[in-house]
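With full-length UniProt numbering as the guide, the letters of the sequence shown map in order to residues 1 to 450.
Note that CB positions come from ideal geometry on N, CA and C, so glycine has one too.
Note sheet for the following structure.
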Amino acid sequence: MNVNFPVLSANIKSDNHIASNITGYFQPFKILDVGGEKIAIVGYTSKETPVLSDPGPHLIFEDEITVLQHEVSKVLTLGVNKVIALGHSGFETDKLIAQRVSGVDVVVGGHSNTFLYTGTPPSNDVPVGNYPFIVNSDDGRSVPVVQAYAFGKYLGYLNVTFDAQGNVLHSSGNPILLDSSIPEDPTLLLQINKWKEQINNFSAQEIGRTLVFLNGSSLECRFRECNLGNLICDAMIYNNIRNPDEVRWNHVSLCIINGGGIRASIDEKSSNGSITLEDLLSVLPFGGTFDLIEIKGSTLKKAFEHSVHRYGASTGEFLQVGGIRVLYNLDNKPGERVVTLQVICTKCRVPKYIPVQMDEVYKVVLPAFLAEGGDGYTMLKNESLKHDSGDLDVSVVGNYIAKMLRVYPAVEGRIQFSKDDSGHSSSNIIQMNFSFVSLIAFIILIHKIL
């Protein structure tokens, strides 16, 4: 790795196949000397990495809390009494670490792109809590937890005061908005401009226009129906329209996409509603395909139960849909939350929603990531009767928008919750942001050691 800073992760292990190849690339913790005081930074990575990505069969991602407690205890025996946990597991896990890992004084997190702010925010981002977010630990301490949103928009700033025993006396700060008042780095800007010259003619071309705000925020797409999810699913189904036969008006009418795969919004007030390839690459940055599978209705129902089995934990598996209506009751226990599940018929002259039949075989358009079991959707991989690879995701959506010329997708009631329980835990927002080690540079600590 060509990096000039330490890479930290305490909970990544490997089997014997690659152990010798990765030795030295990362370490569990690093002890720094700051103003004559020793500070330990202990790293962690999401234990869900194998279902969120493809790290291969030889890496093992252990439980963060268990491993961190072991490493923090080790650090304390070395005479260090100030410990920062730095990781990439999401805000919910960050809070659990602050609560349960004895000896951790500060938690700096990432992965969920959580925006925290105390006071009036400097931009249009809505904070889900104060910065820092204070967690009361099981051993009676107040532990500050911070994240700094995503996309390099903010620089996290945290000021922590410790006493001589390493106890946190006070913590304060706020993310700093990196707006035009912050000077740009001239060397980096030169490199960016060189690349812009090469790609602008390609990526800045207008594909179509939107008349409405295309909401791809995790506040929406990971918790409830979002209109950008509807647009993407409509494009996926449209891309699979084929000639009708004597029985069906089309061979497929159903689409699902994980909300975590939608990575950005498109603002209709920006560039007069113009949608460019650059916009679509921001929404769908992973370069995946939209595939076609055949599954039984029972498998489809399992997928929707999985979609909300830990609703409120701010994870990306919450499904956006097309050609489907689902009603959830979150008061029911996980695995029993789907109240009704309906799909648009294909064996009909007038399409309408009909209940899913458990033994019926359905064709579903979905991201290859889901078809291959990503985000925990193992039932889609293991119980699929057929799997056909499809077209590049950005091309599918771009071609659809180009044909429509103007788009204005609505929130239509495709996804509903009984008793309005879609608002549960709406403050626990998870997006995807890689802030693994670079956040070391985003915090300023120990302004005063008592």
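DSSP three-state label for residue i, please.
| i | result |
| --- | --- |
| S123 | coil |
| A10 | coil |
| F213 | coil |
| Y157 | coil |
| K30 | strand |
| G297 | helix |
| K38 | strand |
| V397 | helix |
| F162 | strand |
| S425 | With a pLDDT of only 38 at S425, under the threshold of 50, the placement of this residue in the model should not be trusted; the figure read from the coordinates follows. Correct three-state label for S425: coil. |
| V343 | strand |
What's the C-alpha gap between residue i and residue j?
| i | j | result |
| --- | --- | --- |
| N258 | G36 | 48 Å |
| L445 | D105 | Reliability fails at L445, whose pLDDT of 41 lies under 50, so the model's placement of it is uncertain and no value is given. |
| L8 | N21 | 17 Å |
| W249 | N200 | 41 Å |
| L155 | V107 | 16 Å |
| V135 | S180 | 34 Å |
| Y400 | L281 | 15 Å |
| D15 | L292 | 35 Å |
| K347 | V247 | 6 Å |
| F290 | P367 | 4 Å |
| S426 | E48 | Summary for S426: the model assigns pLDDT 36, below 50, so the residue's position carries little reliability; its value from the coordinates is reported in the next sentence. Distance between the alpha carbons of S426 and E48: 21 Å. |
| A264 | E64 | 28 Å |
| I429 | L231 | Reliability of the predicted coordinates at I429 is poor, the pLDDT of 32 falling under 50, and the value obtained from them is presented with this limitation in mind. Rounded to whole angstroms, I429 to L231 spans 22 Å at the Cα level. |
| H309 | R337 | 8 Å |
| A148 | Y353 | 43 Å |
| H424 | V72 | Confidence in H424 is poor, its pLDDT being 43 and thus under 50, which makes the residue's placement unreliable; the coordinate value appears in the next sentence. About 34 Å. |
Sort out for me which residues DSSP pairs residue i with in a bridge.
| i | result |
| --- | --- |
| D388 | L292 |
| Y328 | V338, F417 |
| I199 | Looking at the DSSP assignment, I199 forms no beta bridge with any residue, so it has no partner. |
| C255 | G322, V365 |
| F115 | A148 |
| E206 | T276 |
| T45 | H88 |
| L177 | Y154 |
From what residue to what residue does the beta strand (DSSP E) around residue i run?
| i | result |
| --- | --- |
| I354 | 353 to 355 |
| N136 | 133 to 136 |
| A182 | The displayed chain sequence assigns Ile, not Ala, to residue 182. Note, I182: premise wrong, no beta strand (DSSP E); not H, not E. |
| F61 | 59 to 61 |
| V83 | 83 to 88 |
| P144 | 142 to 146 |
| residue 459 | Residue coverage of the chain in this structure runs from 1 to 450, which leaves residue 459 outside it and unanswerable. |
| L169 | 168 to 173 |
| I107 | First, the amino acid is wrong: residue 107 is Val here, not Ile. Run containing V107: 106 to 108, per the beta strand (DSSP E) assignment. |
If I follow the unbroken alpha helix (DSSP H) through residue i, where does it start and stop?
| i | result |
| --- | --- |
| I266 | It is not in any alpha helix (DSSP H) - I266 carries neither H nor E in the DSSP assignment. |
| P367 | Run containing P367: none in the alpha helix (DSSP H); it sits in the beta strand (DSSP E), 361 to 367. |
| H70 | 64 to 77 |
| T378 | 378 to 382 |
| V51 | 49 to 52 |
| E92 | 91 to 100 |
| S218 | 218 to 221 |
| L231 | 227 to 238 |
| I22 | 19 to 22 |
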